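Numbering (our numbering), first residue to last: 372 to 618.
Please read the structure below before turning to the comments.
What follows is the structure, encoded as structure tokens:
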């Protein structure tokens, strides 16, 4: 496979891993309690954190140097910040965010937008990663963290009263967004190879912003911050070990 095709295929696989987390709810048909939700999100955050550090930040500096890393990293964080500010979206724990005038979109679609904003840079990371020696490691990292994230999404939707079938398909769609991000990342690097360190840092900055601004605050707002923190540590350890074994 060419690097571009590899990035797109890997982003497809990583995105579809979100649905794996939703599969148990097709049979269990119950939502998740707050403690379990915080554990799942903490685990996903730890995996994302290790992937950001070792598969995006370090290679970006190695390929392009500190300046390109800093520029791309800051732009990635600003991008997600602006999307959060100007796009109407809903978090089940944090509630509504976006423009001051609350959107008339249904709550379920506001939730889909929120997950989309977070998954897009993940897909971009996989697409860009197709041009590096860490392609498989990046795809695996995003795919693994998508499993508990998918479980959290499906469990939250079911717990909020949505049908099992609808919850599964919404979870599937949130993962499918990563394919678009992957295709865009691969396309950009195909056009201009020098963009690679910027793009890797951009994806890393976007992902780290999501972890710090969304995931950690939400998992620390329901009284289960200790167990969510240990879940984050476990996720970080798992991904660090896998990255070293693959590297």
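Glycine residues also receive a C-beta, built at the ideal position from the N, C-alpha and C atoms.
Since this is a predicted model, take the numbers as computed values, not measurements.
What would DSSP say about residue 586, mapped onto helix, strand or coil? helix
Between which two residues does the alpha helix (DSSP H) harbouring residue 516 extend? 506-530
Is residue 535 helix, strand or coil by DSSP? helix
Out of 578, 409, 561, which one is the CA nearest neighbour of residue 450? 578
Which stretch, first to last residue, makes up the alpha helix (DSSP H) that contains residue 459? Looking at the DSSP string, residue 459 is not in any alpha helix (DSSP H), and its letter there is neither H nor E.
Straight-line Cα distance separating residue 388 from residue 432: 29 Å
Pop quiz: residue 501 and residue 557 are said to be a contact at Cβ under 8 Å. What is the actual Cβ separation, rounded to whole angstroms? 6 Å
Report buried or exposed for residue 582, applying the criterion of at least 16 other Cβ atoms within 10 angstroms of its Cβ. buried
Can you list, in chain order, the residues of its chain with a C-beta nearer than 6 Å to that of residue 446? Leave out the 5 residues immediately preceding and following it. 573
Tell me whether residue 414 is buried or exposed, calling it buried when 16 or more other Cβ atoms sit within 10 Å of its Cβ. buried
Can you name, in chain order, every residue of its own chain whose Cβ lies under 7 Å from the Cβ of residue 423, other than the five neighbours on each side? So the qualifying residues of the chain are 575, 578, 579.
Residue 619, buried or exposed, once every other Cβ within 10 Å from all chains shown has been counted against 16: It is not possible to answer for residue 619, since the shown part of the chain is limited to 372 through 618.
Buried/exposed call for residue 452, threshold 16 Cβ in 10 Å: exposed
My guess is that residue 613 and residue 522 are in contact by the Cβ rule of under 8 Å, so how many angstroms apart are they, rounded? Actually they are not in contact, since the Cβ atoms of residue 613 and residue 522 sit about 19 Å apart, beyond 8 Å.
In this structure, does DSSP put residue 489 in helix, strand or coil? helix
Residue 404 versus residue 492 - alpha carbon distance: 28 Å
Please list, in chain order, all residues of the same chain as residue 550 whose beta carbon is under 8 Å from its beta carbon, the five residues on each side excluded. 379, 382, 383, 386, 494
So, with DSSP's three-state summary, where would you put residue 426? Residue state, collapsed to three classes: helix.
Do residue 397 and residue 539 have their C-beta atoms within less than 8 Å of each other? yes
Between the alpha carbons of residue 393 and residue 430, how many angstroms are there, rounded? 32 Å
Rounded to the nearest angstrom, what separates residue 441 and residue 535 at their Cα positions? 43 Å
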